[in-house]
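First comes the structure, then the notes that go with it.
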Amino acid sequence: MGYRSIDTAQSYFNEAEVGAALTNALKGGAIKREELFITTKLWISHANEKDVNKAFETSLKKLGLEYLDLYLIHQPYNDVYGAWRAMSKLHKEGRIRAIGMSNFYPDKISDFALFNEIKPAINQIELHPFYQKEYEQQINAEFGVATQSWASFAEGKNDMFNNPVLKQIAQKHDKSVAQVILRWLTQRQIVVIPKTTKLARMQENFNVFDFTLNSTDLSAIKSLDTNKTLFIDHRDVERVKWLVDYSKDSRFKE
């Protein structure tokens with residue numbers, strides 16, 4: 001058993017390590033390239049038309065791959081329109097199988113979908129029981145954009161795994177709170193990418209398709225929505241400044 005989808009990013013500074021693991025697995029015959037789905041992301045500092053190719057080639061080299069399955073614009077800042085044009089060319093050349101966004105709001109999603117030949121395949125956003133983003137998912141779906149959740153478990157913030165509502169639903173279905181959350185997301189047609197390094201947790205994450213949350217369960221989970229981020233407000237000017245300052249990290253030049 002093992003995950004086949006790997007989600008990394010230029011800003012995680014781990015593409016080389018991911019690439020080393022992929023090379024070992026592929027050369028050792030443990031898995032075939034076509035069985036993998038590799039995603040990485042373009043950072044703010046390179047989100048413009050002239051820098052996309054260099055950033056893409058650097059990521060590809062670090063990952064030891066000949067193509068990407070999915071390439072995302074990581075944040076909605078800088079010349080994202082120019083970046084999209086460059087990414088679209090790479091997509092047409094077969095270097096990237098799909099392109100999309102991360103952390104984009106509905107206004108930008110509709111703008112990109114309406115005025116570009118190649119529409120975003122996916123929008124990866126913060127989404128969990130405490131921040132449910134029904135409107136964002138609705139707009140994504142309207143334009144044929146899949147919704148993917150990052151921080152599906154909110155990194156355990158607000159004591160999520162001990163939340164009484166989630167625990168009660170978990171006990172009712174003889175499942176864990178994590179399984180209830182993953183089932184809630186998949187029932188909403190949201191793509192999930194739960195992180196784990198433990199085999200037992202991996203097995204648990206897969207075992208969410210033998211039960212269904214009913215309307216009572218869904219209503220109870222809906223009541224947990226605070227409509228507030230637990231991480232980053234991408235429209236907070238001070239946070240934008242912080243992200244831009246983070247882009248000065250010398251590792252982005254490697």
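Note that UniProt numbering gives residue 66 to position 66 of the sequence shown, counting from 1, and the numbers run on in steps of one. Beta carbons are placed, not taken as given, at the ideal position from N, Cα and C, and that holds for glycine. Everything numeric in this text was worked out from a predicted model, so none of it was measured.
- The alpha-carbon separation between N48 and Y246 amounts to approximately 17 Å.
- Straight-line spacing of the CA atoms in V80 and A9 works out to 16 Å.
- Between the alpha carbons of K157 and E57 lies a distance of about 36 Å.
- Distance from the CA atom of A20 to the CA atom of E66, rounded to whole angstroms, is 14 Å.
- Residues of the same chain with a CB within less than 7 Å of the CB of F13, apart from the 5 flanking positions on each side, are R251 in chain order.
- Sorting G64, T40, S88, N53 by C-alpha distance to the C-alpha of Q75 places T40 at the top.
- Leaving aside the five residues that flank V192 on each side, the residues in its chain whose CB is nearer than 7 Å to its CB run, in chain order, S149, S152, L182, L185, T186.
- The closest CA to that of L72, considering only K222, L42, T229, is found on L42.
- Counting only residues of its own chain and dropping the five nearest sequence neighbours on each side, S176 has a CB closer than 7 Å to the CB of A170, E204.
- The three-state secondary structure of G64, taken from DSSP, is coil.
- Here the alpha carbons of F130 and D225 stand approximately 4 Å from one another.
- Per the C-alpha coordinates, the member of L68, I99, V52, Q179 positioned closest to N78 is V52.
- Distance from the CA of V240 to the CA of P194, rounded to the nearest whole angstrom, comes to 26 Å.
- The DSSP-derived three-state label of L230 is coil.
- Within the region 52-119, the beta strand (DSSP E) runs of at least 3 residues that lie entirely inside it are, in chain order, 70-73, 99-102.
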